[in-house]
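Visitor: Take this structure first; my questions come after.
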Amino acid sequence: MTFGVIVFVFMTTWHTGIKAVRQKLELMTESADQFFGRLAENKIPRVPGTGVFLTRMTDKIPPPIIDHVAQVGALHETLIALTVVFEEVPRVQRTNRIEILNLFESFWHITIHYGFMEVPDLPSVLQEAKEVGFAVDLVDAIFFASRDQVTGAKSGWRVTRWRLPLFAFMFRNSLRMSDLFNLPPRNFLEIGRQVEI
1374 MTFGVIVFVF
1384 MTTWHTGIKA
1394 VRQKLELMTE
1404 SADQFFGRLA
1414 ENKIPRVPGT
1424 GVFLTRMTDK
1434 IPPPIIDHVA
1444 QVGALHETLI
1454 ALTVVFEEVP
1464 RVQRTNRIEI
1474 LNLFESFWHI
1484 TIHYGFMEVP
1494 DLPSVLQEAK
1504 EVGFAVDLVD
1514 AIFFASRDQV
1524 TGAKSGWRVT
1534 RWRLPLFAFM
1544 FRNSLRMSDL
1554 FNLPPRNFLE
1564 IGRQVEI
């Protein structure tokens, strides 16, 4: 019974913490029109190349892209928000693997679907995107991902004080995206940031 209680505490802490992180990140997003309007207004330069930002967001500009502009003061000419979805089936057919949406000029959202028994390999799947009409060359694309560290918010706690250190430990030791998705190390940039929950 003690073991069952420990497992229950870990699982509920993880669930509560992940929900709090997603709620916090949702508040940090922008619509595509708002984001690109601000780029034009502030005359943010677009540099040559392709930037691929891994994100769970599907309909807004995710925080890593917004933070990148704020910190670097520039943005790649071609921009891709990439979302990986694991379906509740063992395997996903190749014809249903990729969804590509052009959300704005030179900005795409790509969703890649995997079954729960499949091992993700993003570079290989993205090369297949050309077969469905995606003309962007991803050979030299730079992949960006966030490595978040959670901290306690000064007010409006979403995770109780006693759970926060446990969730922070679990979150810090979770699997890295570069390992999970077989991303090339030379083309992968992981950005650390703090998220208050």
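Count along the sequence shown starting at 1, add 1373, and that's the number in the numbering used here. Built from N, CA and C at the ideal position, the CB exists for glycine as well.
With three or more beta-carbon pairs closer than 8 angstroms as the criterion, would you say the segment 1551-1564 touches the segment 1479-1495?
Guide: Touching, yes.
Visitor: Specify the secondary structure class of residue 1481 as computed by DSSP and reduced to three states.
Guide: Stepping through the sequence shown from its first residue, residue 1481 is reached at position 108. Residue 1481: strand per DSSP, three-state reduction.
Visitor: The alpha helix (DSSP H) spanning residue 1537 covers which residue range?
Guide: Residue mapping note: residue 1537 aligns to position 164 of the sequence shown, counting from 1. Segment 1537-1545, the alpha helix (DSSP H) holding residue 1537.
Visitor: Three or more C-beta pairs closer than 8 angstroms, one from the segment 1442-1459 and one from the segment 1483-1491: is that the case here?
Guide: As far as the Cβ criterion goes, the segment 1442-1459 touches the segment 1483-1491, which means the pair count is three or higher.
Visitor: Quick test of your reading: residue 1382 and residue 1523, contact by CB under 8 angstroms. State the CB separation rounded to the nearest angstrom.
Guide: Reading the sequence shown from its first residue, position 9 is the one you call residue 1382. Reading the sequence shown from its first residue, position 150 is the one you call residue 1523. That belief does not hold up - the Cβ atoms of residue 1382 and residue 1523 are roughly 17 angstroms apart, past 8 angstroms.
Visitor: What's the call for residue 1547, buried or exposed, on a 16-neighbour Cβ count within 10 Å?
Guide: The sequence position of residue 1547 within the sequence shown is 174, counting from 1. It counts as exposed.
Visitor: Which class does residue 1498 belong to by DSSP, given the choice of helix, strand or coil?
Guide: Numbered from its first residue, the sequence shown carries residue 1498 at position 125. Note: residue 1498 maps to helix in three-state DSSP.
Visitor: Could you give the distance in angstroms between the alpha-carbon of residue 1440 and the alpha-carbon of residue 1374?
Guide: If you number the sequence shown from 1, residue 1440 lands on position 67. If you number the sequence shown from 1, residue 1374 lands on position 1. About 45 angstroms.
Visitor: If residue 1392 sits next to residue 1569, beta carbons under 8 angstroms apart, how far is it from one beta carbon to the other, in whole angstroms?
Guide: Taking the first residue of the sequence shown as 1, we reach residue 1392 at position 19. Taking the first residue of the sequence shown as 1, we reach residue 1569 at position 196. In fact, because the Cβ distance is near 15 angstroms, the residues do not count as touching under 8 angstroms.
Visitor: What's the call for residue 1341, buried or exposed, on a 16-neighbour Cβ count within 10 Å?
Guide: Only positions 1374 to 1570 of the chain appear in this structure, which leaves residue 1341 out of reach.
Visitor: To the nearest whole angstrom, what separates the beta carbons of residue 1515 and residue 1424, a pair I think is in contact under 8 angstroms?
Guide: Mapped onto the sequence shown, residue 1515 falls at position 142. Mapped onto the sequence shown, residue 1424 falls at position 51. About 6 angstroms separates the two Cβ atoms, so the contact holds.
Visitor: Using the beta-carbon count (16 or more within 10 Å), is residue 1449 buried or exposed?
Guide: Working through the sequence shown from its first residue, we reach residue 1449 at position 76. Residue 1449 comes out buried.
Visitor: As a quick exercise: from 1471, 1399, 1409, pick the residue whose alpha carbon is nearest that of residue 1477.
Guide: By one-based count along the sequence shown, residue 1477 stands at place 104. Per the Cα distances, 1409.
Visitor: Is it the case that the Cβ atoms of residue 1434 and residue 1405 are separated by a distance below 8 angstroms?
Guide: The residue given as residue 1434 occupies position 61 in the sequence shown. The residue given as residue 1405 occupies position 32 in the sequence shown. Yes. Within cutoff.
Visitor: Candidates 1521, 1500, 1519: which alpha carbon is nearest residue 1512's?
Guide: As a position in the sequence shown, residue 1512 is number 139, starting the count at 1. Here the closest residue by C-alpha is 1500.
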